[in-house]
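**Student:** Sending over a structure as structure tokens; questions will come in a sec.
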Amino acid sequence: MNSPRPLTRASVFAQAWPIMLGQASVPLVGIVDTAVIGRTGDAVALAGVALGAVVINLVFWTFGFLRMGMTGLTAQANGSGDPREVEALLLRALGIGFALGLAILALSVPIANAAFAIMSGSEAVTGEAGGYVEGRFYGAPAALAVYAMNGWLLGLGRTREALVLQIAMNIANIALDIWLVWGLDMGAYGVGLGTACAEWIALGLGLLIVGRVTGANVFALARRVPRALLLDRQRLLRLFAVNRDIMIRTIALLILFAWFANAGARIGADALAANHVLLQFVNVAAFILDAFAFTAEERVGQAYGARNRQRLLRAIRLTGEFALAAGIVFALAFLLLGGPIIDLLTTDADVRDMARTFLPFAALVPLIGMPSWMLDGIFIGTTRGRALRNAGVAATILYIALDLALRPFDNWGVWIAITASYLLRAGGLALYLPRLLRDLETGK
3 MNSPRPLTRA SVFAQAWPIM LGQASVPLVG IVDTAVIGRT GDAVALAGVA LGAVVINLVF
63 WTFGFLRMGM TGLTAQANGS GDPREVEALL LRALGIGFAL GLAILALSVP IANAAFAIMS
123 GSEAVTGEAG GYVEGRFYGA PAALAVYAMN GWLLGLGRTR EALVLQIAMN IANIALDIWL
183 VWGLDMGAYG VGLGTACAEW IALGLGLLIV GRVTGANVFA LARRVPRALL LDRQRLLRLF
243 AVNRDIMIRT IALLILFAWF ANAGARIGAD ALAANHVLLQ FVNVAAFILD AFAFTAEERV
303 GQAYGARNRQ RLLRAIRLTG EFALAAGIVF ALAFLLLGGP IIDLLTTDAD VRDMARTFLP
363 FAALVPLIGM PSWMLDGIFI GTTRGRALRN AGVAATILYI ALDLALRPFD NWGVWIAITA
423 SYLLRAGGLA LYLPRLLRDL ETGK
């Protein structure tokens, strides 16, 4: 599976564009979810989906290390020429992901009750959110297993296969949401259930894709990989160490965004709904710019596995150039086209007015968020979990302190604090770059 490719702008873009298309379809699902409910004119239902999405993101993405940790570890194993470890990584992650998903499903009721107990939504909003969350939990085992497969494919640079998996899941999601909500009038519960069904469809397709890449289905792969390698103590310890730090970092950032959503809920249903609409803009930029961060993960990870400093620095520079250009394009596009898009997403006049007022903040995020997303890619690719953990926790603590200080300014303070959080995280990660380069030279 070891296949070094030329490190040029053309090759970087060739690797990134399938990820861009796949990633573009991820926020598209969120936009469709928002529009399917938003076009009903029910601000409470829209706010409920927004609040429920926060709970699901907090729970599911706590285990986002299954995607992020897998990419860096797989890229390094591939870069060092160890195909059996590449296959063993996939089996370990699939087993862990599916087992964790089953545990989440079994504990879904107390998890949801605990989450809503600390949120600031009204009784009506929480009721809508509960239906959405109930539907989503049915897809937990499949969702976490798909995280693992996506990370593994990206770690191998198999971006076209990852694109097929992502697009198929999102098309299924969109079609099911429209049918269940507009066709069967299932409301917020239908949105959640449609996404869960799409995740199970994606799991089946993903297993077929993995079989094509490895030349064996997952059961044959389990027989092919030596059990001693699969259960090797040192490799398992490294897997858990990297994933532990990434999990702590992810929880910190999920708390940050949950705090952001709850801040809107504290102000009122209109603010929560408007901020959720604007968050779709942020998600579009973040997911598409992540194409270059994901490319950096694989390219930097391969260079780090091969102990090639020059190649590592060139990978950082080339992917960073693309990300900066894309950030500028998104910022301008949001400023010019944001108003009509807001009108498309919701028919509620008060929500529209509030979203337009705070649109400049959403347009600023692609520029100030780009450095933190790219640094995430660099440190994920080199499996520097401790740096990711420390920067994420520090940024979240500082963000919450800033949000509390700015509460007298209502939604203005909410958006000032969230935009500042991107700069805080990028600054924290940048402090670790010299250490990363020193470790590369010393072989750590």
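Numbering-wise, the sequence shown is residues 3 to 446 according to the working numbering. Even glycine gets a Cβ: it sits at the ideal position worked out from N, Cα and C.
(1) Shortest alpha-carbon distance to I402 belongs to which of A108, V46 and A263?
(2) For W414, is the classification buried or exposed, using 16 other Cβ atoms within 10 angstroms of its Cβ as the cut-off for buried?
(3) Which two residues bound the contiguous alpha helix (DSSP H) that contains G141?
(4) Counting only runs of 4+ residues fully inside the segment 79-123, write out the alpha helix (DSSP H) ranges in chain order.
(5) On a Cα-Cα basis, can you pick out the residue from A108, R69, N172 and N59 that is closest to A117?
(6) With a 10 Å radius around its C-beta and 16 neighbouring C-beta atoms as the bar for buried, classify L182 as buried or exposed.
(7) Is the beta carbon of A147 closer than 9 Å to that of G189?
(8) State the Cα-Cα distance for the pair I98 and L433, rounded to the nearest angstrom.
(9) What is the C-beta distance between E35 and V14, in whole angstroms, given that I count them as a contact (C-beta under 8 Å)?
(10) Do you know how far the Cα of N80 is from the Cα of A90?
(11) Closest to V227 by C-alpha separation, out of I418, W375, I120 and L93, would be which residue?
(12) Once DSSP output is grouped into helix, strand and coil, what is the label at D350?
(13) Have a look at T216 and S110 and give me their C-alpha separation to the nearest angstrom.
(14) Classify T10 as buried or exposed, calling it buried when 16 or more other Cβ atoms lie within 10 Å of its own Cβ.
(15) Considering only the alpha carbon of each residue, which of D350, P373, W375 and I344 lies closest to F360?
(16) Could you please give the first and the last residue of the uninterrupted alpha helix (DSSP H) stretch that includes L408?
(17) I'd like the list of long-range same chain contacts for P438, defined as Cβ closer than 7 Å, with 5 residues on each side in sequence excluded.
(18) What does a CB cutoff of less than 8 Å around A164 pick up in its chain, not counting 5 residues either side in sequence?
(19) Between the beta-carbon of A198 and the beta-carbon of F283, is there less than 9 Å?
(20) Less than 7 Å between C-beta atoms, sequence neighbours within five positions excluded: which residues of the same chain meet that for A265?
(21) Less than 9 Å separating the beta-carbons of A295 and W375?
(22) Report the rounded CA-to-CA distance for E130 versus Y140, giving the unit in angstroms.
(23) Among the candidates P362, M356, P112 and T348, whose CA atom is the shortest distance from the CA of A333?
**Tutor:** Reading off the structure:
(1) A263
(2) The residue in question, W414, is exposed, as its Cβ has fewer than 16 Cβ neighbours within 10 Å.
(3) Here G141 belongs to no alpha helix (DSSP H), and DSSP marks it neither H nor E.
(4) The qualifying runs are 85-108 and 110-119.
(5) N59
(6) buried
(7) The Cβ atoms of G189 and A147 lie no closer than 9 Å to each other.
(8) 32 Å
(9) In the sequence under discussion, the amino acid at residue 35 is Asp, which differs from the Glu named in the question. With 8 Å as the limit, D35 and V14 do not qualify as a contact, their Cβ atoms being about 32 Å apart.
(10) 12 Å
(11) L93
(12) coil
(13) 34 Å
(14) Result: exposed.
(15) Nearest option by C-alpha distance: I344.
(16) Looking at the DSSP string, L408 is not in any alpha helix (DSSP H), and its letter there is neither H nor E.
(17) This sequence places Leu at residue 438; Pro is not what is there. Cβ neighbours of L438 beyond the five flanking positions: T384 and R386.
(18) Once the five neighbours on either side are set aside, the close Cβ partners of A164 are P20, I21, G24, N152, L155 and L156.
(19) no
(20) The answer, listed in chain order, is D405 and V416.
(21) yes
(22) 17 Å
(23) A333 has its Cα closest to that of P362, out of P362, M356, P112 and T348.
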